[in-house]
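Asker: Take 1 as the starting number for the sequence shown in the UniProt record's numbering and just add one per residue.
Where a beta carbon is used, it is the ideal one built from N, C-alpha and C, also for glycine.
Quick caveat, the model's predicted, so the values are computed rather than measured.
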Amino acid sequence: MIELKEPPATGRLLIKGLAGAVGKRGGRVAALPELVYLLEDAGQHVGRLAAYDHLTGFALADSVPATWLHVQTFPLQAALLAADEFPFPLAGLVHVSNTMTLHRPVGLGERLRITVQAEGLAPHAKGATFDMVSRIKVGDETVWEGSSNYLATGAKVPGEARAGLRLEATTATPSQLWRLPADLGRRYAAVSGDANPIHLHPATARLFGFPRPIIHGMWTHARALAALGALPDAYTVTVQFTKPILLPGKVSFAAERAEDGWSFAVVNSAGKPHLIGEVRPAGS
1 MIELKEPPAT GRLLIKGLAG AVGKRGGRVA ALPELVYLLE DAGQHVGRLA
51 AYDHLTGFAL ADSVPATWLH VQTFPLQAAL LAADEFPFPL AGLVHVSNTM
101 TLHRPVGLGE RLRITVQAEG LAPHAKGATF DMVSRIKVGD ETVWEGSSNY
151 LATGAKVPGE ARAGLRLEAT TATPSQLWRL PADLGRRYAA VSGDANPIHL
201 HPATARLFGF PRPIIHGMWT HARALAALGA LPDAYTVTVQ FTKPILLPGK
251 VSFAAERAED GWSFAVVNSA GKPHLIGEVR PAGS
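So, in structure tokens, the structure goes:
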């Protein structure tokens, strides 16, 4: 276990991860490194949370959004992805899906024990997938857990390709239209720490094959949760990222009650989904 004294600087780690991509290309990968990053006593910054809430549509409250807790894990995720032992280049990773469980409301003043590790290496038709697994405790109590599934395009992993997550998009009529400005990626990077060049400027996005910057999938995730309004004190939310959203742009939000939770989607003008999600009570 690698114990960190403070959250690492994500900008430097992302530069390292992108710069080291050439040396990590090609070859077969049989296993992920058994690295666990730990931040023992992390605080939460009220000003940064206020900016995050404003940008994603949440109301500032005593308890924090589940997606904000994902943001607290991101520096450790960046450290692991940029580690010399990590086999996949950062430039070839695609965020496929995210699942997180909020076990109880978490207060802004609570100190967090954060761990991050990679697991679940599996072959895929386009390369290999793995899960970036994060856990947050307050004292000895697990209050939040999250798993982000990534596709490493072009990677070679032994075994037969597996089918990935497939959520059914809601057929509800969209109820909201979101207008996303050109600088939204830069603004979200400032509050989340995720300054991947594909989100920042047209010139840097073109280096990675995008005609314009794309918004972070986790901004879209957070904005969709905020749009649902009141959520249970404990719940599990799963989202699948299906199509990048170019900036500037316009998308619509649709949601419907489903059993004991919600089904929702963020769609383009033709009704094709960029994100598909569902919320269920924790443990259901």
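(1) Give a yes or no on contact between the stretch 115-133 and the stretch 147-161, applying the rule of three or more CB pairs nearer than 8 Å.
(2) Return the chain-ordered list of same chain residues with a C-beta closer than 8 Å to the C-beta of Ser-269, the five sequence neighbours on each side being excluded.
(3) Using only the alpha-carbon positions, how far apart do Pro-7 and Asp-84 sit?
(4) Would you identify the three-state DSSP class for Arg-162, choosing helix, strand or coil?
(5) Should Ala-234 and His-103 be called a contact, given that it needs their Cβ atoms to be closer than 8 Å?
(6) Would you mind stating whether His-274 and Thr-242 have Cβ atoms separated by less than 8 Å?
(7) Given this structure, state the Cα-to-Cα distance separating Ala-224 from Leu-60, to the nearest angstrom.
(8) Given a cut-off of 8 Å on the beta-carbon distance, is the pair Leu-247 and Pro-281 in contact?
(9) Since Thr-238 is in the beta strand (DSSP E), which residue starts that stretch and which ends it?
(10) Tell me the rounded alpha-carbon separation between Ala-265 and Leu-80.
(11) Using the Cα positions of Leu-39 and Thr-173, report the straight-line distance between them to the nearest angstrom.
(12) Taking the Cβ atom as the reference point for each residue, do His-199 and His-216 lie within a distance shorter than 8 Å?
(13) Could you tell me how far apart the beta carbons of Thr-67 and Asp-194 are, in whole angstroms, since I believe they sit closer than 8 Å?
(14) Short of 7 Å in beta carbon distance, which residues of its chain neighbour Glu-3, apart from the five on each side in sequence? Order them along the chain.
(15) What does a CB cutoff of less than 6 Å around Arg-186 pick up in its chain, not counting 5 residues either side in sequence?
(16) Name the two residues that bound the continuous alpha helix (DSSP H) containing Leu-167.
(17) Is the beta carbon of Ala-161 less than 8 Å from the beta carbon of Ala-118?
(18) In angstroms with no decimal places, state the Cα-to-Cα distance between Gly-57 and Arg-48.
(19) Taking the alpha-carbon of Pro-158 as reference, which of Pro-123, Ala-255 and Pro-33 has the nearest alpha-carbon?
(20) For Met-1 versus Val-29, is the C-beta distance shorter than 8 Å?
(21) Whose CA, out of Gly-229, Pro-244 and Thr-236, lies closest to the CA of Ala-255?
(22) Note down, in chain order, each residue of its chain lying with its Cβ closer than 8 Å to the Cβ of Val-138, except the 5 sequence neighbours on either side.
(23) Between which two residues does the alpha helix (DSSP H) containing Asp-53 stretch?
(24) With a CB to CB cut of under 6 Å and the five nearest residues on each side skipped, what residues in its chain are close to Asp-53?
(25) Using only the alpha-carbon positions, how far apart do Ala-189 and Arg-257 sit?
(26) Using alpha carbons as the reference points, say which of Leu-231, Val-46 and Ala-91 lies closest to Leu-13.
(27) When the Cα atoms are used, what is the spatial distance from Trp-219 to Thr-142?
(28) Thinking Ile-276 and Leu-167 are a contact (beta carbons under 8 Å), I'd like their distance in whole angstroms, please.
Answerer: The short version:
(1) yes
(2) Lys-250 and Ser-252
(3) 19 Å
(4) Here Arg-162 sits in coil by DSSP.
(5) yes
(6) Yes, the Cβ-Cβ distance between His-274 and Thr-242 is below 8 Å.
(7) When rounded, the distance between both Cα atoms is 16 Å.
(8) Their beta carbons are not under 8 Å apart, which means Leu-247 does not touch Pro-281 by this criterion.
(9) For Thr-238, the uninterrupted beta strand (DSSP E) segment begins and ends at 235-241.
(10) 30 Å
(11) 43 Å
(12) yes
(13) That belief does not hold up - the Cβ atoms of Thr-67 and Asp-194 are roughly 12 Å apart, past 8 Å.
(14) Leu-38 and Glu-40
(15) Leu-200
(16) Taken as a continuous stretch (DSSP letters only), Leu-167 belongs to no alpha helix (DSSP H), as it is neither H nor E.
(17) no
(18) 14 Å
(19) Pro-123
(20) no
(21) Gly-229
(22) Short of 8 Å from the beta carbon of Val-138, and not among the five residues preceding or following it, lie these beta carbons of its own chain, in chain order: Val-106, Glu-110, Arg-111, Leu-112 and Arg-113.
(23) 46-56
(24) Leu-60
(25) 32 Å
(26) In terms of CA proximity to Leu-13, Ala-91 leads the group Leu-231, Val-46 and Ala-91.
(27) 24 Å
(28) 4 Å
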